[in-house]
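Everything on this sheet refers to the single structure shown next.
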C-alpha cells in the first residue's frame, strides 16, 4: 500500500525547492552583477533588491505564522516591501539571500517532519493549514522569482 502522506510531503518539498516548471531562486540570482541589484527597468515597478526583500519578508511571515502563535505579521502592504530600490550596502544583499535560504529550509523541515499534521487547522489562524501555507509559499515565491528573471531580461542580463 502506498504511503500517501510521505508522497504528499515529497511533492510539497519539490514544489518549495522549485525548478520543476519554474526557475529556481538560485537560478534567478546566479551570476548577477552587484551593480544591477538596485536597478529598476523602465515601466517596471520593482528592482531586484525590492523583489528579494519582498520574497524574504513574505516567506518569513508565512513561516512564522505557521509555527508561532505569537507571531505578528507586518502591516499590509507597506510592511512587505522595502522602501529603497537598492540594498543599503553590499552585505545587505548577501544577508537577505542567506535569510531567505534559511527560512526556506525551516519551512521544508516543517513539511518534512512526520509529526506535522499537514491538514490540521493552525490553532491561531482562521482555517489555514500547514499544507495551505506551504502551497501559498511555493506559489508566491514562483511568481516573484519569475519577476526577478523578467527584471534581468529587461536589464539585458539574462541568458536563460
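Numbering (the working numbering), first residue to last: 898 to 1057. All residues carry an ideal CB built from backbone N, CA and C; glycine is no exception. These numbers come from a predicted model, not from an experiment.
Contact defined as beta carbons within less than 8 angstroms: I believe residue 923 pairs with residue 993. What is the distance between those atoms, to the nearest angstrom? The C-beta separation of residue 923 from residue 993 comes to about 14 angstroms, leaving the pair out of contact by the 8 angstroms criterion.
Compare the beta carbon distance of residue 953 and residue 997 with 9 angstroms and say whether it is the shorter of the two. It is a contact, given that the beta carbons lie within the stated cut-off.
Taking 9 angstroms as the cut-off, decide whether the C-beta atoms of residue 911 and residue 903 are in contact. No. Outside cutoff.
Touch test, the segment 1038-1047 against the segment 959-974, Cβ-Cβ under 8 angstroms, three pairs minimum: With the cut-off at 8 angstroms, the segment 1038-1047 and the segment 959-974 do not touch.
Report yes or no: do the segment 974-993 and the segment 938-948 share at least 3 C-beta pairs separated by less than 8 angstroms? As far as the Cβ criterion goes, the segment 974-993 touches the segment 938-948, which means the pair count is three or higher.
Where residue 927 sits in the DSSP three-state scheme: Correct three-state label for residue 927: coil.
For residue 1002, the three-state DSSP class (helix, strand or coil): Helix, per DSSP.
Starting from residue 945 and walking both ways along the alpha helix (DSSP H), at which residues does that stretch end? According to the DSSP assignment, residue 945 belongs to the alpha helix (DSSP H) that extends over 945-964.
Less than 9 angstroms separating the beta-carbons of residue 1031 and residue 909? Less than 9 angstroms divides the Cβ of residue 1031 from the Cβ of residue 909.
List in chain order: all unbroken alpha helix (DSSP H) runs of 4+ residues lying wholly within the segment 980-1043. Counting whole runs of 4 or more residues, the segment 980-1043 contains the alpha helix (DSSP H) stretches 987-1009.
Other residues of its chain near residue 957: CB distance less than 6 angstroms, five sequence neighbours each side excluded: The residues are 1000.
Looking only at its own chain, which residues have a Cβ that is under 8 angstroms from the Cβ of residue 1054, when we skip the five neighbours before and after it? If we look at residue 1054 and ignore the five residues flanking it on each side, its Cβ neighbours are 929, 930 and 933.
Nearest candidate by alpha-carbon position, reference residue 915, set 1020, 1052, 1056 and 1005: Out of 1020, 1052, 1056 and 1005, 1005 has the C-alpha closest to the C-alpha of residue 915.
What's the gap between the Cα of residue 1034 and the Cα of residue 965? Going from the Cα of residue 1034 to the Cα of residue 965 covers about 16 angstroms.
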